[in-house]
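Engineer: Under our numbering, the sequence shown has 1537 at position 79, and the numbering climbs by one with no breaks.
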Amino acid sequence: MHGPRLAILDGEVLPADEARIPASDEGFLRGDGVFEVARLYQGRPFAWEEHLARMQTSAENLRLPFDAAQVDTDVRTLLAAAGPVDGAVRVVVTRGGARLALVEDVREQPAAITLATVVYAPTRILDGIKSLSYAANMLAGRLAVEQGADEALLVTPHGRVLEAPTSAFFYVLTGDATLYTPPLDDHILDSITRRRLIGLTGAMERVTARDDLARLDEAFLASSLREVQSVQAIDGRWLTSAPGDRTVEAARLFSRMVAADLGLDA
């Protein structure tokens, strides 16, 4: 099955394609709302408490009324109805007051992908907010595809490498075995998967310039849905290792951590 399967809207479980919010809701009209996506393994959401806490912070920073306990109850009710599925749960709270959660399939990803740099200026006022206003991120991905790549790598007008539109970016420089990732101070998302991987791998934050991309030995993207995904080329330059040793290690450590956290068979 592909696409959303089951939903809960304001406490009512129903087929996802029957969930409706009013056309007047400013979450729809203006992208005024917050969201989170957590990966499901056998019906269990990975790092759900961290996702819920970040959603609370996003709502507070957006001055959006938010009832964390009610959202938590909604998600647990939905997952009980959905059963032991693998996929993702997407949670949305809008300015109009709608609480929506969807159980979705996760698109199968290739083992390695290509990236193209796309110039992007982060919106400072939305720092610390995972809002519904994701049109710029989605457009960046489409622009990368138009360049013949699979996904975008966001770079500021001043040449600072940031992240992919929906994923953190990690890399290893040629001749240096250290795993690096751009710093949060450069206004990237405080990704939960990124945070976990830094703890697992000892990755270091490093201000990353566009010129550094010519010196990469290996790289990968990381997110709730991608987990750890190797990068094989950036702007047409093929990397030496795809996947490289640090990428393989990160994927192994992350998979083992998920299994341990959720009590799954490794």
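We put the beta carbon where it would ideally sit given N, CA and C, even for glycine.
Tell me the rounded alpha-carbon separation between residue 1558 and residue 1568.
Structural biologist: Rounded to whole angstroms, the gap between the alpha carbons of residue 1558 and residue 1568 is 30 Å.
Engineer: Quick test of the definition: if touching needs 3 or more C-beta pairs under 8 Å, does the stretch 1590-1608 touch the stretch 1498-1508?
Structural biologist: no
Engineer: Would residue 1705 and residue 1673 qualify as a contact pair, given that the criterion is a beta-carbon distance under 8 Å?
Structural biologist: no
Engineer: Might you give, ordered along the chain, the residues of its own chain that have their beta carbon closer than 8 Å to the beta carbon of residue 1513, omitting 5 neighbours on each side?
Structural biologist: 1492, 1493, 1494, 1524, 1526, 1529, 1549, 1551 and 1588
Engineer: Out of curiosity, what's the CA-to-CA distance linking residue 1635 and residue 1520?
Structural biologist: 40 Å
Engineer: Pull up the distance between the alpha-carbon of residue 1480 and that of residue 1638, whole angstroms please.
Structural biologist: 44 Å
Engineer: Give the C-beta separation of residue 1689 and residue 1573 to the nearest angstrom, bearing in mind that I take them to be a contact with Cβ-Cβ under 8 Å.
Structural biologist: The pair is a contact, with the Cβ atoms about 6 Å apart (cut-off 8 Å).
Engineer: How is residue 1702 classed by DSSP in three states: helix, strand or coil?
Structural biologist: coil
Engineer: Note down, one range per segment and in chain order, each alpha helix (DSSP H) of at least 4 residues found wholly within the stretch 1580-1604.
Structural biologist: Segments of the alpha helix (DSSP H) lying fully in the stretch 1580-1604: 1593-1604.
Engineer: Are the Cβ atoms of residue 1578 and residue 1593 separated by less than 8 Å?
Structural biologist: no
Engineer: Considering only the beta carbon of each residue, do residue 1651 and residue 1626 sit closer than 8 Å?
Structural biologist: yes
Engineer: Using only CA atoms, which one of 1615, 1702, 1544 and 1472 lies nearest to residue 1644?
Structural biologist: 1615
Engineer: Suppose only complete runs of 3+ residues qualify. What are the beta strand (DSSP E) ranges in the stretch 1459-1538, listed by chain order?
Structural biologist: With a minimum length of 3 residues, the continuous beta strand (DSSP E) runs that stay inside the stretch 1459-1538 are 1462-1467, 1470-1473 and 1491-1499.
Engineer: Can you find the residues in the same chain that come closer than 6 Å, C-beta to C-beta, to residue 1540, ignoring five residues on each side of it along the sequence?
Structural biologist: 1464 and 1561
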